[in-house]
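Here the structure comes first, spelled out in structure tokens, and everything after it is commentary.
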Amino acid sequence: MGIKLSNLSYQNKIKNINYQFPDGQITSVIASSGGGKTILSYLLAGILNGEGKVENSWTGRELGYVFQRPEESFIFNTVREEIAFGLKKYNYRLDVLDKRIEESLKMVGLSKKIWDCNPFHLSSGEKKLLSLAITLSLNPKVIIIDEPTIYLDNQNGERLLRLLKKIKNNYHKTIIIFTSDINFAFNISDNFLLLKNGEVIGQGDKKELLNSSDRIKKAGMEVPQIINFINNVKKKKNVDLDLTFDIKELMKLSLIHISEPTRLDVIWYSVLFFKKKIGGGGGGGGGGGGGG
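Position one of the sequence shown corresponds to residue 20 (our numbering), numbered consecutively onward.
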């Protein structure tokens, strides 16, 4: 069954949420800072208890949680000890311990060289990746991540996006992301929930995103340029582009599926559209904001 929320509330910060997170998919809970996403993530993970019901069939090592501020989960003086703690707790054999630690670090792009480093002395981005490595080392069925891109540069953000997609596709994990980084969410999600002040004001799969511009604005967030582009192509050129959030993929689709005259029209329109947006300083969506 996975995780199901029924009439879930917490004080005045989470308000009567009903939702079942699909197994084996990536769902993003999107909200601006202070919108309730971190508190909702705590309720899902059992860190807080609210009114209503959280039905969760995953317990113990089956559910992994990555804090927005990684230091909240650190307790040891070396990276190796941090990862080894959970593995020992769940009786991993000592002869495979070091291999498991090395594999977990490598998976998130961290080197074995940091084994003996104090986790509290790592850079903010390294701390975030270490926190994810600790979670992945236990091979959970469900992975909950609060603000995954906060502290990460573009390169590590792209690495994380590819890693989470690979984990979902190859190992059929359920991944639940709580974020204010709307572009990251739209690039990675199969499904989404949109929160404002602890209330759900929008939900659905990727196709629903094209019709969610008003709700995104209502949540206090900027509509990503790529959504505006797809909707403008439909409105002005009467061309339906498949839902993707990569402009290179959109260009490929135009080459494959659209006739020559219209194709050139769409390509030229895309150049003008994005040139205008970049020139006008119209950024696309919130970066990794804090707070929830």
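Yeah, the Cβ is synthetic: ideal placement off N, Cα and C, and Gly gets one too.
| Check | Outcome |
| --- | --- |
| C-alpha distance - I22 paired with S142, whole-angstrom precision | 33 angstroms |
| Exposed unless 16 or more other CB atoms sit within 10 angstroms - verdict on T78 | exposed |
| N210 versus K226: straight-line alpha-carbon distance, rounded | 9 angstroms |
| Rounded straight-line distance, which links the Cα of I194 to that of K146 | 20 angstroms |
| Beta bridge counterpart(s) of V85 as assigned by DSSP | I164 |
| Per-residue DSSP class, three states only, for S28 | strand |
| Beta-bridge partners of V211, as assigned by DSSP | Residue 211 is actually Phe in this sequence, not Val. DSSP output for F211 lists S47 and G223 as bridge partner(s). |
| Within 8 angstroms, strictly: CB atoms of V73 and L62 | yes |
| Buried/exposed call for E173, threshold 16 Cβ in 10 Å | Looking at the sequence shown, residue 173 is not Glu but Asn. Exposed. |
| Cβ shell of F95 (< 8 angstroms), same chain only, five flanking positions each side left out | E101, F104 and P138 |
| CA nearest to the CA of H191, picked from E166, K215 and N158 | N158 |
| Close-in-space but distant-in-sequence residues of the same chain around K349 (CB under 7 angstroms, 5 per side omitted) | The first residue shown for the chain is 20 and the last is 311, placing residue 349 beyond what the model contains. |
| Helix, strand or coil at K218 [DSSP, three-state] | Here residue 218 is Glu; the residue named in the question, Lys, does not match the sequence. Strand at E218. |
| Buried versus exposed call for S76 [16 or more other C-beta atoms within 10 Å across all chains shown] | exposed |
| K192 (DSSP reduced to helix, strand or coil) | coil |
| Bridge partners - F40, DSSP secondary structure assignment | I22 |
| I169 versus G43 - alpha carbon distance | 24 angstroms |
| Three-way DSSP call (helix, strand, coil) for E145 in this model | helix |
| Boundaries of the alpha helix (DSSP H) in which V98 is found, first to last residue | V98 to K108 |
| Counted within 10 angstroms of its Cβ, other Cβ atoms place K56 as buried (16 or more) or exposed | buried |
| Whole-angstrom C-beta distance between N175 and L148, which should lie under 8 angstroms | 7 angstroms |
| Buried or exposed by the 16-neighbour rule on C-beta atoms within 10 Å, applied to D200 | buried |
| Proximity below 8 angstroms, CB of G217 to CB of I33 | yes |
| Assigned secondary structure, N35 (DSSP; H/G/I helix, E/B strand, else coil) | strand |
| Neighbourhood of F93 by C-beta distance below 7 angstroms, restricted to the same chain and skipping five residues each side | E101, P138 and F139 |
| Identified DSSP bridge partners for F197 | V48 and D165 |
| 6 angstroms CB neighbourhood of N85 in its chain, flanking five on each side removed | Reading off the sequence, residue 85 comes out as Val, not Asn. Result list for V85: S150, L151, T154 and I164, in chain order. |
| Segment limits, beta strand (DSSP E) that includes V73 | E70 to N75 |
| Backbone CA spacing between R119 and N251 [nearest angstrom] | 49 angstroms |
| Reduced DSSP category for M240 - H, G, I as helix; E, B as strand; rest coil | coil |
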